[in-house]
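*Asks:*
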Amino acid sequence: MSCRVTQPGSSVLHRMDPRFRLVGLFVLIFAFSFVSDFRLLAAMLAFTLILFFLSGLPARFILQKLKLPSLIILVLVLVLPFVSGQNILLDLGFISLKQEGLYASGLIAARFLCIITTVMIVLHTAPLLTHVQAMRAMGLPWIMADMALLVGRYLEVLGSDLKRMHTAMRLRGLNSSRPGLYVLRTRAWLCGSLLVRGLERADWVYRAMRLRGYGHSRAATSQFRATALDMAGLAAALMAAGTVMGLEIWLGL
Amino acid sequence: MNLQPSSALEAEKVSFAYPDNGGALHDINLTIIRGEKVGIIGPNGAGKTTFFLLACGILRPVFGKIRLFQKPVTGREFNPKAALVFQRPDDQLFCPTVREDVAFGPQNMGLESKEVEKRTWKALHDVDAASLAERPVHHLSEGEKKMVSIATALAMQPGLIIYDEPSAALDIRTRRRLINLMPGSAETIMVASHDLELVLEVCTRVILMDQGRIITQGDPARIMGDAELMQAHGQEKPHSLIPHYFQHQH
Amino acid sequence: MHIPDGILPLPVTLGGYAACAAAVFFCLHRINMRPDPQADIPKAALLTAAFFAASLIHIPIPPASVHLMLSGLLGVLLGFFAIPAILIGLFFQAAMFGHGGLTTLGINGVIIGFPAMAAHYMFRLGTLGQQGPKQTAAFAFLAGSLAIMLSVLLFSLLLVTAVPADLGAAVEKTAIVMIIAAHVPLALIEGAITAMIATFLLRVSPRVLHGV
Numbered sequence: 000m001s002c003r004v005t006q007p008g009s010s011v012l013h014r015m016d017p018r019f020r021l022v023g024l025f026v027l028i029f030a031f032s033f034v035s036d037f038r039l040l041a042a043m044l045a046f047t048l049i050l051f052f053l054s055g056l057p058a059r060f061i062l063q064k065l066k067l068p069s070l071i072i073l074v075l076v077l078v079l080p081f082v083s084g085q086n087i088l089l090d091l092g093f094i095s096l097k098q099e100g101l102y103a104s105g106l107i108a109a110r111f112l113c114i115i116t117t118v119m120i121v122l123h124t125a126p127l128l129t130h131v132q133a134m135r136a137m138g139l140p141w142i143m144a145d146m147a148l149l150v151g152r153y154l155e156v157l158g159s160d161l162k163r164m165h166t167a168m169r170l171r172g173l174n175s176s177r178p179g180l181y182v183l184r185t186r187a188w189l190c191g192s193l194l195v196r197g198l199e200r201a202d203w204v205y206r207a208m209r210l211r212g213y214g215h216s217r218a219a220t221s222q223f224r225a226t227a228l229d230m231a232g233l234a235a236a237l238m239a240a241g242t243v244m245g246l247e248i249w250l251g252l
Numbered sequence: 000m001n002l003q004p005s006s007a008l009e010a011e012k013v014s015f016a017y018p019d020n021g022g023a024l025h026d027i028n029l030t031i032i033r034g035e036k037v038g039i040i041g042p043n044g045a046g047k048t049t050f051f052l053l054a055c056g057i058l059r060p061v062f063g064k065i066r067l068f069q070k071p072v073t074g075r076e077f078n079p080k081a082a083l084v085f086q087r088p089d090d091q092l093f094c095p096t097v098r099e100d101v102a103f104g105p106q107n108m109g110l111e112s113k114e115v116e117k118r119t120w121k122a123l124h125d126v127d128a129a130s131l132a133e134r135p136v137h138h139l140s141e142g143e144k145k146m147v148s149i150a151t152a153l154a155m156q157p158g159l160i161i162y163d164e165p166s167a168a169l170d171i172r173t174r175r176r177l178i179n180l181m182p183g184s185a186e187t188i189m190v191a192s193h194d195l196e197l198v199l200e201v202c203t204r205v206i207l208m209d210q211g212r213i214i215t216q217g218d219p220a221r222i223m224g225d226a227e228l229m230q231a232h233g234q235e236k237p238h239s240l241i242p243h244y245f246q247h248q249h
Numbered sequence: 000m001h002i003p004d005g006i007l008p009l010p011v012t013l014g015g016y017a018a019c020a021a022a023v024f025f026c027l028h029r030i031n032m033r034p035d036p037q038a039d040i041p042k043a044a045l046l047t048a049a050f051f052a053a054s055l056i057h058i059p060i061p062p063a064s065v066h067l068m069l070s071g072l073l074g075v076l077l078g079f080f081a082i083p084a085i086l087i088g089l090f091f092q093a094a095m096f097g098h099g100g101l102t103t104l105g106i107n108g109v110i111i112g113f114p115a116m117a118a119h120y121m122f123r124l125g126t127l128g129q130q131g132p133k134q135t136a137a138f139a140f141l142a143g144s145l146a147i148m149l150s151v152l153l154f155s156l157l158l159v160t161a162v163p164a165d166l167g168a169a170v171e172k173t174a175i176v177m178i179i180a181a182h183v184p185l186a187l188i189e190g191a192i193t194a195m196i197a198t199f200l201l202r203v204s205p206r207v208l209h210g211v
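Chains as they are written, first to last, in numbering that gives the first Met the number 0: chain C, 0 to 252; chain E, 0 to 249; chain U, 0 to 211.
(1) How close, in whole Å, do the beta carbons of aspartate 89 of chain E and valine 118 of chain C come, if the pair is a contact with beta carbons under 8 Å?
(2) If you draw a straight line from the C-alpha of glycine 197 of chain C to the C-alpha of alanine 52 of chain U, how long is it?
(3) Whose Cβ in chain E lies nearer than 7 Å to the Cβ of valine 156 of chain C?
(4) Does the beta carbon of isoleucine 111 of chain U sit closer than 8 Å to a beta carbon anywhere in chain C?
(5) Which stretch, first to last residue, makes up the alpha helix (DSSP H) that contains histidine 222 of chain U?
(6) Please name the residue in U:Leu76, U:Ala194, U:His98 and U:Val75 whose C-alpha comes closest to that of methionine 0 of chain U.
(7) From threonine 5 of chain C to arginine 20 of chain C, what does the alpha carbon distance come to, in whole angstroms?
(8) Is the Cβ-Cβ distance between aspartate 90 of chain C and glutamate 247 of chain C less than 8 Å?
(9) Please return the same chain residues whose Cβ sits closer than 6 Å to the Cβ of glutamate 141 of chain E, not counting the five positions on each side in sequence.
(10) Quick check on asparagine 28 of chain E: does DSSP put it in helix, strand or coil?
(11) Closer than 9 Å, Cβ to Cβ, to anything on chain C: give me those residues from the region 93 to 124 of chain U, in chain order.
(12) Alanine 44 of chain U and valine 150 of chain C look like a contact to me (Cβ under 8 Å); what is the Cβ gap, rounded to whole Å?
(13) Output, in sequence order along the chain, the residues in the region 72 to 91 of chain C whose CB is closer than 8 Å to any CB in chain U.
(14) Where do the N-terminal and C-terminal ends of the beta strand (DSSP E) with lysine 162 of chain C fall, by residue?
(15) Does the region 99 to 118 of chain U come into contact with the region 69 to 86 of chain U, if we say contact requires no fewer than three beta-carbon pairs (one atom in each stretch) closer than 8 Å?
(16) Give, in chain order, every residue of the region 203 to 214 of chain C whose Cβ lies closer than 8 Å to some Cβ of chain U.
(17) Taking Cβ-Cβ distances below 7 Å as the criterion, which residues of the region 20 to 48 of chain C are in contact with chain U?
(18) Within the same chain, show all residues whose beta-carbon is closer than 7 Å to that of valine 34 of chain C, passing over the 5 residues directly before and after it, in chain order.
(19) Tell me the DSSP secondary structure of alanine 23 of chain E in three-state form.
(20) Taking a cut of 8 Å between CB atoms, which residues from the region 51 to 71 of chain E lie near chain C?
(21) So which residues on chain C does alanine 191 of chain U lean against when the C-beta distance must stay under 7 Å?
(22) Pick from C:Gly105, C:Arg186, C:Leu62 and C:Ala133: whose alpha carbon is nearest that of aspartate 16 of chain C?
(23) Taking 8 Å as the threshold (beta carbon to beta carbon), is proline 57 of chain C in contact with chain E?
(24) Go through its chain and collect everything with a Cβ distance to threonine 124 of chain C's Cβ below 8 Å, but skip five positions before and after it.
(25) Report the residue ranges of all alpha helix (DSSP H) runs contained in full by the region 77 to 112 of chain U; include only those spanning at least 4 residues, in chain order.
(26) Would you mind listing the beta strand (DSSP E) stretches within the region 76 to 123 of chain E that are 3+ residues and don't spill past its ends, in chain order?
(27) What residues in the region 125 to 154 of chain U bring their beta carbon closer than 7 Å to a beta carbon of chain C?
(28) For proline 242 of chain E, which three-state DSSP category applies?
(29) Run through the DSSP bridge pairs and tell me what methionine 189 of chain E is partnered with.
(30) Would you say arginine 169 of chain C faces chain U, with C-beta separation under 8 Å as the test?
(31) Taking valine 65 of chain U as the reference, which of C:Leu183, C:Arg209, C:Leu233 and C:Met143 has the closest Cα?
(32) Does DSSP put arginine 110 of chain C in a helix, in a strand, or in coil?
(33) Would arginine 211 of chain C be called buried (16 or more neighbouring beta carbons within 10 Å of its own) or exposed?
(34) Establish whether the CB of glycine 151 of chain C and some CB of chain D are separated by less than 8 Å.
(35) So the beta strand (DSSP E) glutamate 9 of chain E belongs to, where does it begin and stop?
(36) Under DSSP, the alpha helix (DSSP H) around methionine 134 of chain C begins and ends at which residues?
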């Protein structure tokens, strides 16, 4: 019986072994972060677009994720053209638009877009915890793997606990008049309550785990099976990354 | 107390108290014979859950001895012969997907992967949750979670299953499924519940606990039919034991 | 306080991963030395999940609202589990919301995690022996605000010096000072909230305050 978890979608990317997919992703995004030549930037953007089509994900999915670009990126992109560089493109009196700064903005924006689009595409082909299991299969220390799986499992539970407590507070007048430290204190109590609940629940979870033999056997059953296609996919990613970095170095000489 | 060759659980002079002095148990003496379906009733704080945790080796008694299937409970080993189904399924289901959660116990029993798979699917089918196998646990309804948490116990094929408030927060339909499932789920079962009708339907013996002690035990209808006794210990006579003078219109 | 992808050069991001890996290795080693490390994992994990959920609480500070980081408190409560917890949180954030950065996971782990550990030591040493409400509140305030200020310092230094643009020393200095100054109110608010949470925990459940 195959133990693969599937998300809606049956593209090549969806069917890849999660371990190979993750390694390929990391290699690619690091390669992207290395690029600074504008020709390679264009190639990178084209590659990202191709990857997007290969993934079979709907366009609005990516656009939704990109709706709120990082504030820091925004600030940099807007500010750098005016504070960095010597060659002035446009003199506006007390500030001037500089070529190097503009180029740096474009560089950052392009790299950022390509990287997070690639990350979003690849990571959304499987549930989050599948990626954690893939990392565990590749040697992530058991403490971190077990922790990550539990965090993933209980995030929503605690999130709903929080919502309920917040609603209870609001029903008793949380958002009405009293200003200042009161506002901080009620949020502090909300946080504190959540932490207390989290720890109490942890006691029970640990009991449940022990009752079913947690720690009794370290037999990590590998649920992933790689095929030739997976290796080919990884090889393709490695080649693309290698080519990009090689070209970057060569063009920079 | 003599060792009973067919006993599932024996508690001999068991006493316990938490470090903050809450939830104490005093001098609990009790034997559950294999094949029995025993109900434990009593108000909140009577010590039912505490006793279950002692029986499974999660807590160690301050005084006294506990034996599971004639072997002393030390708490240091993993004993899949006894399974405990918690009141809150979210405390019990800690894996990303249903299938992994149900498979967790058998995997730790050192079984071969084919056997693990077999037991997992059997348990899921027994609770009618096979279609939920690949779902993340937090996407399930309360009733589905409860069924899955029972499946996690069934997969270990224990000799004794202990149910702690199993029908809490269940809708009527799921409660009925639970009642139908429980008697056959293991050779011996123990149920702690405020749902007295469930206890009446499922159990062949009832133990009344209050303030950390066993008050009395015996036939469910006799004990739960004693209105004065029940009220004295924060309970009520179950509706079905109350004589009906006005017949229902059919 | 997270540096997004695309800004930092490869040596810095790889260096961040290396520094984090070393830190994690050290922390896991210390955790493994405990008599029963497995017993602490659910506690650490559930607290991490609680912190993650809590970071979504926003405090209405007109005209906007602020999201809490609580990295100081996280360090205080989680101890050696803090850096693993932060890395897990950062990965989940990047995967779930696209927020934060995956190439910069390591460096963000350093920016948030190392100050969290500093906060941990500061709080534990400060409240050694004296665990009354006043000491708890005072050192929790310091832990909370210190963690933020150290993170802001690391963040601004890295961002300003490693950005792929030539800024000139004067511009760099100004930028760093501006970023730090802008975060002082946030640090004070986080300090105040950390102190209030710590006081709450001391009253309601001191066990939580003792940490994992």
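All C-beta atoms in this analysis are idealised placements derived from N, C-alpha and C, irrespective of residue type, glycine included.
A quick note: this is a predicted structure, and the numbers were derived from the prediction, not measured.
*Replies:* Looking at the coordinates:
(1) Position 90 of the second sequence, counting from 1, holds the residue named residue 89 of chain E. Position 119 of the first sequence, counting from 1, holds the residue named residue 118 of chain C. The C-beta separation of aspartate 89 of chain E from valine 118 of chain C comes to about 30 Å, leaving the pair out of contact by the 8 Å criterion.
(2) What you label residue 197 of chain C is simply residue 198 of the first sequence in a count that begins at 1. What you label residue 52 of chain U is simply residue 53 of the third sequence in a count that begins at 1. Rounded to whole angstroms, glycine 197 of chain C to alanine 52 of chain U spans 11 Å at the Cα level.
(3) The count along the first sequence starts at 1 and reaches residue 156 of chain C at position 157. Asp89 and His137, listed in chain order.
(4) As a first step, residue 111 of chain U is located in the third sequence; it is residue number 112 there, counting from the start. Among the CB atoms of chain C, none fall inside 8 Å of the CB of isoleucine 111 of chain U.
(5) Nothing can be reported for residue 222 of chain U: it is not among the residues displayed for chain U, which extend from 0 to 211.
(6) Here residue 0 of chain U is taken as the residue at index 1 of the third sequence, counted from 1. Checking every option, the nearest Cα to that of methionine 0 of chain U belongs to U:His98.
(7) Taking the first residue of the first sequence as 1, we reach residue 5 of chain C at position 6. Taking the first residue of the first sequence as 1, we reach residue 20 of chain C at position 21. Note that threonine 5 of chain C scores 34 on pLDDT, short of 50, meaning its location in the model is unreliable; the coordinates nonetheless yield the value given after this. C-alpha separation (whole angstroms): 14 Å.
(8) As a position in the first sequence, residue 90 of chain C is number 91, starting the count at 1. As a position in the first sequence, residue 247 of chain C is number 248, starting the count at 1. Going by C-beta atoms, aspartate 90 of chain C is not nearer than 8 Å to glutamate 247 of chain C.
(9) The residue you call residue 141 of chain E lines up with position 142 of the second sequence. Beyond the five residues adjoining it in sequence on each side, glutamate 141 of chain E comes within less than 6 Å, by CB distance, of Ala168 in the same chain, given in chain order.
(10) In the second sequence, the residue the question calls residue 28 of chain E occupies position 29. Asparagine 28 of chain E: strand per DSSP, three-state reduction.
(11) Ala93, Ala94, Met95, Phe96, Gly97, His98, Gly99, Gly100, Leu101, Thr102 and Thr103
(12) By 1-based counting over the third sequence, the position of residue 44 of chain U is 45. By 1-based counting over the first sequence, the position of residue 150 of chain C is 151. Confirmed, Cβ separation roughly 5 Å.
(13) Ile72, Leu75, Leu79, Val82, Ser83 and Gly84
(14) If you number the first sequence from 1, residue 162 of chain C lands on position 163. Lysine 162 of chain C -> not in any beta strand (DSSP E); alpha helix (DSSP H) instead, spanning 141 to 170.
(15) Yes, they touch.
(16) Val204, Tyr205, Met208, Tyr213 and Gly214
(17) Ile28, Phe29, Ser32, Phe33 and Ser35
(18) As a working note, residue 34 of chain C is residue 35 in the first sequence. Hits under 7 Å: Leu40, Met43, Arg110, Val243 and Glu247.
(19) Numbered from its first residue, the second sequence carries residue 23 of chain E at position 24. Correct three-state label for alanine 23 of chain E: coil.
(20) Leu52, Cys55 and Ile57
(21) Translated into positions along the third sequence, residue 191 of chain U becomes position 192. Those are Leu183, listed as they occur along chain C.
(22) Here residue 16 of chain C refers to the residue found at position 17 of the first sequence. It is C:Ala133.
(23) Taking the first sequence and counting its residues from 1, the one referred to as residue 57 of chain C is at position 58. It does not; no Cβ of chain E falls within 8 Å.
(24) By one-based count along the first sequence, residue 124 of chain C stands at place 125. Cβ neighbours of threonine 124 of chain C beyond the five flanking positions: Gln6, Gly8, Ser10, Leu12, His13, Met15, Arg20 and Ser54.
(25) 81 to 96
(26) Taking only runs of at least 3 residues, the beta strand (DSSP E) segments lying wholly in the region 76 to 123 of chain E are 81 to 84.
(27) none
(28) On the second sequence, position 243 is the one that residue 242 of chain E refers to. Reduced to three states, the DSSP call for proline 242 of chain E is coil.
(29) On the second sequence, position 190 is the one that residue 189 of chain E refers to. Bridge partners of methionine 189 of chain E: E:Val37 and E:Ile161.
(30) Numbered from 1 along the first sequence, position 170 holds the residue referred to as residue 169 of chain C. Judged by the 8 Å Cβ criterion, arginine 169 of chain C is not in contact with chain U.
(31) On the third sequence, residue 65 of chain U is found 66 positions in, with the first residue counted as 1. For valine 65 of chain U, the nearest C-alpha among the options comes from C:Leu183.
(32) Counted from its first residue, the first sequence places residue 110 of chain C at position 111. The answer is helix: DSSP assigns arginine 110 of chain C an H, G or I state.
(33) Here residue 211 of chain C refers to the residue found at position 212 of the first sequence. Buried is the call here.
(34) No chain D appears in the structure shown, which is made up of the protein chains C, E and U.
(35) In the second sequence, the residue the question calls residue 9 of chain E occupies position 10. First-last of the beta strand (DSSP E) with glutamate 9 of chain E: 6 to 15.
(36) Translated into the one-based positions of the first sequence, residue 134 of chain C becomes position 135. Start and end: 127 to 136.
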